[in-house]
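Comments concern the structure below.
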Amino acid sequence: MDATQPAVTTTPMLTTLTFADDVITKIAGVAIREVDGVLAMSSGFFDDIADKFRNNVDLSKGISAEVGEKQVAIDVDLILEYGRDAQEIFKKICARVRDRVEGMTGLKVVELNVHVSDVLTRDAWRKQASDNELARQKKLAAQGA
1445 MDATQPAVTT
1455 TPMLTTLTFA
1465 DDVITKIAGV
1475 AIREVDGVLA
1485 MSSGFFDDIA
1495 DKFRNNVDLS
1505 KGISAEVGEK
1515 QVAIDVDLIL
1525 EYGRDAQEIF
1535 KKICARVRDR
1545 VEGMTGLKVV
1555 ELNVHVSDVL
1565 TRDAWRKQAS
1575 DNELARQKKL
1585 AAQGA
């Protein structure tokens, strides 16, 4: 038997996959938080004030990204744990961010700038974080009253 197949014509489909800057900053933020010796992402004065009123962690805090069609540049401000090897932590951040961003998006990380804005002992950082959380809870309680 001679089975004939109907003629199928296909037209090329145009496809595009793009990523918002916020997606890249969140990926980088999660990757950086996995590196031992990084206490927190830091940001400007107004962002620090805004943190007192947020209900959850901003994964993109202290991170900015410029996303192109095939590549991305990332800037990071962070707080480093006192007594840790900044160069080693920087190397780990670079490797982890590159692996995560390139692995998840296919975009090439062409630039990664890390700025250490503060150095704190882990105890001092915990106290500061605790004080910020207490201030946030007081503010939320005052809003509810």
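Heads up, the sequence shown is in our numbering, so the first residue is 1445 and it goes up one at a time. Where is the CB? At the ideal position from N, CA and C, for every residue including glycine.
Alpha-carbon spacing of residue i relative to residue j, whole angstroms
i	j	result
residue 1561	residue 1457	47 Å
residue 1591	residue 1459	In the structure displayed, the chain extends from 1445 to 1589; residue 1591 sits before or after that span and is not available.
residue 1481	residue 1512	30 Å
residue 1576	residue 1544	30 Å
residue 1551	residue 1514	5 Å
residue 1532	residue 1465	27 Å
residue 1455	residue 1548	29 Å
residue 1462	residue 1583	38 Å
residue 1546	residue 1529	26 Å
residue 1585	residue 1540	39 Å
Nearest candidate by alpha-carbon position, reference residue i, set the options
i	options	result
residue 1555	1510, 1523 and 1527	1510
residue 1524	1571, 1564 and 1572	1564
residue 1471	1538, 1527, 1532 and 1483	1538
residue 1527	1520, 1566, 1588 and 1464	1566
residue 1473	1462, 1461, 1463 and 1518	1518
Beta-carbon spacing of residue i, residue j below 7 Å
i	j	result
residue 1569	residue 1503	no
residue 1516	residue 1468	yes
residue 1574	residue 1522	no
residue 1479	residue 1535	no
Cutoff 8 Å; reference residue i; Cβ partners in own chain excluding five residues on either side
i	result
residue 1542	1553 and 1556
residue 1559	1519, 1520, 1521 and 1522
is_contact[residue i, chain C] using C-beta, thresh 7 Å
i	result
residue 1561	This model lacks chain C altogether; it includes just one protein chain.
Opening and closing residue of the alpha helix (DSSP H) in which residue i lies
i	result
residue 1563	Premise fails: residue 1563 lies in the beta strand (DSSP E), 1552 to 1564, not in any alpha helix (DSSP H).
Neighbourhood of residue i by C-beta, 6 Å cutoff - its chain only, sequence neighbours within 5 removed
i	result
residue 1508	1519
Limits of the beta strand (DSSP E) - the one that residue i falls within
i	result
residue 1485	1482 to 1485
residue 1510	1507 to 1511
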